[in-house]
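**Q** Quick note on numbering: the sequence shown equals residues 1 to 143 in the numbering used here.
Ideal placement from N, C-alpha and C gives every residue a C-beta, glycine not left out.
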Amino acid sequence: MIRPFSLSDLNAILKIERESFPKSPYDRITFIDLYDFCPETFLVYTETSADQKEQVWGYIIFIPEGRIISIAVLPSQRRKGIGKELLRKAMDTPDLERLQVEVRRSNMGAQTFYSHMGFQMIGVVPNYYGNEDALIMQWVPIV
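(1) Using only the alpha-carbon positions, how far apart do G81 and M1 sit?
(2) Taking buried to mean at least 16 other C-beta atoms within 10 Å of its own C-beta, is I153 buried or exposed?
(3) For the stretch 41-57 against the stretch 22-29, are there 3 or more C-beta pairs whose distance is under 8 Å?
(4) Mapping DSSP to helix, strand and coil, what is T93?
(5) According to DSSP, is P75 helix, strand or coil?
(6) Which runs of the beta strand (DSSP E) at least 3 residues long sit entirely within the stretch 10-82? Give them in chain order.
(7) Looking at R105: is its Cβ nearer than 8 Å to the Cβ of L135?
(8) Tell me whether M1 sits in a helix, a strand or coil according to DSSP, three-state version.
Shown next as structure tokens:
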């Protein structure tokens with residue numbers, strides 16, 4: 001199930017973040033600031049276990065003006081369609097003209113994921129990640 005983020009999800013989000021982006025994870029304050037900035041578009045993917053505990057497996061943060069700030073799925077839950085569902089939810093935002101995302105040049109998995117979702121590379125930002133370039137990928141809805 002995809003639902004809006006709540007502050008009670010923060011510890012689970014931090015775990016996903018640390019495991020997904022070990023080189024440069026966002027911290028607690030950053031996530032709280034992002035929630036304050038875009039509460040309607042900070043979404044989490046959850047599943048309820050047999051013992052009725054809700055587990056947060058992934059999240060997406062985007063701004064309706066067309067930028068994905070972050071998307072991540074717990075590594076143990078990847079390749080199950082969770083990232084695709086989260087991204088589709090963002091892509092289904094009414095009046096969305098485009099979505100852009102920065103991806104590390106070395107992150108072939110992310111590049112492949114976004115390409116399969118209809119994104120195209122439109123530019124490069126040299127040294128965006130310190131000593132590594134970012135590829136700018138963009139999706140535009142068909143109208």
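**A** Looking at the coordinates:
(1) Across the structure, G81 and M1 are spaced so that their CA atoms are roughly 12 Å apart.
(2) Absent from the model: residue 153. The displayed extent of the chain is 1 to 143, so no value can be given.
(3) With a cut-off of 8 Å, the stretch 22-29 and the stretch 41-57 do not count as touching, because too few Cβ pairs lie within range.
(4) Here T93 sits in coil by DSSP.
(5) In the structure shown, the three-state DSSP call for P75 is helix.
(6) Restricting attention to beta strand (DSSP E) runs no shorter than 3 residues, the stretch 10-82 encloses them at 42-48, 54-63 and 67-73, ordered along the chain.
(7) It is a contact, given that the beta carbons lie within the stated cut-off.
(8) Collapsing the DSSP output to three states places M1 in coil.
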